[in-house]
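Its first residue numbered 142, the sequence shown is counted upward by one per residue in our numbering.
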Amino acid sequence: MPVSEQTYLKVAEEDPEGKWELHRGALVRRPGMTSEHEDISAYLGASLIAQLPRDQYRVRIEGSRIRRSADRYYVPDVMVVPTAVVLPQLGTGQLEVFRVPLPLVVAVWSKSTGRDDLRVKLPDYRARDDLEIWLIHPLERTLTAWRRRAEGEYEEVVFRGGIVRPVALPGVEIDLDALFD
142 MPVSEQTYLK VAEEDPEGKW ELHRGALVRR PGMTSEHEDI SAYLGASLIA
192 QLPRDQYRVR IEGSRIRRSA DRYYVPDVMV VPTAVVLPQL GTGQLEVFRV
242 PLPLVVAVWS KSTGRDDLRV KLPDYRARDD LEIWLIHPLE RTLTAWRRRA
292 EGEYEEVVFR GGIVRPVALP GVEIDLDALF D
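Rendered as structure tokens:
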């Protein structure tokens with residue numbers, strides 16, 4: 142029996158440490174993550190915070206949710222959100238959920254979630270029209286980026302090192318070699 146959106150939101154609010162997601166109406170608790178996963182998420186988030194002007198963007202690391210539809214909510218590992226989208230939610234005491242396409246949404250591969258990320262989440266992120274979607278694989282030391290083109294299709298680019306510049310975040314540079322060290 143599928144879980145309703147209202148029930149999902151209640152569970153997620155009452156158990157914030159559970160990092161609950163909703164996959165096609167099924168409640169899914171995110172499992173614990175590996176050291177590699179946590180390290181990449183934290184350092185990527187810190188690098189983005191250091192480079193982005195706070196009056197324009199906010200960075201969320203493994204806590205806030207994005208909504209694909211009433212039966213699909215996800216907790217990305219890292220995401221960049223326009224400040225104008227965050228401000229109306231501040232002070233409401235409600236679960237932070239973003240419904241609009243975002244400039245950058247990141248999944249860091251983990252043994253426990255890698256299959257779901259590839260099969261379920263990444264296609265849904267593209268269906269949300271997020272501008273750039275990254276899958277970082279710490280063991281393979283790769284970053285796969287899906288970048289939304291003006292006509293709505295996504296271009297896939299694989300990086301194996303060097304500097305990565307998110308197309309929707311001018312001036313931001315992520316040193317992939319340093320991120321993997």
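Note that the Cβ used here is the ideal one computed from N, Cα and C, for glycine as well. Every value quoted in this text rests on a predicted model; they were computed, and no experiment measured them.
Three-way DSSP call (helix, strand, coil) for residue i in this model
i	result
L284	strand
R256	helix
P223	strand
E296	strand
E158	helix
L272	coil
L236	coil
L231	coil
R195	coil
R289	strand
Residue range of the unbroken beta strand (DSSP E) whose run includes residue i
i	result
D169	The question names Asp, yet the displayed sequence has Val at residue 169. V169 -> beta strand (DSSP E) spans 167–170.
A248	245–249
R306	No beta strand (DSSP E) contains R306, which DSSP labels as neither H nor E.
R213	213–215
V200	198–202
S210	206–210
Environment of residue i [buried if 16+ CB atoms lie within 10 Å]
i	result
K262	buried
R201	buried
R209	buried
E162	buried
A187	exposed
G176	The residue asked about is misnamed: residue 176 is Ser in this sequence, not Gly. The residue is exposed, with fewer than 16 neighbouring Cβ atoms inside 10 Å.
M142	exposed
R206	buried
P307	buried
S145	exposed
I304	exposed
L231	exposed
Beta-carbon separation (whole angstroms), residue i vs residue j, contact threshold 8 Å
i	j	result
L280	F300	That pair is no contact at about 15 Å.
L320	Y184	6 Å
D270	P242	4 Å
V247	M220	7 Å
S182	D218	5 Å
Terminal residues of the alpha helix (DSSP H) in which residue i lies
i	result
S182	176–192
A153	146–155
P264	263–268
L317	317–321
**Asked** Is it a yes or a no for the stretch 192–199 touching the stretch 224–243, going by three-plus beta-carbon pairs under 8 Å?
**Response** Contact between the stretch 192–199 and the stretch 224–243 is present, because at least three Cβ pairs lie under 8 Å.
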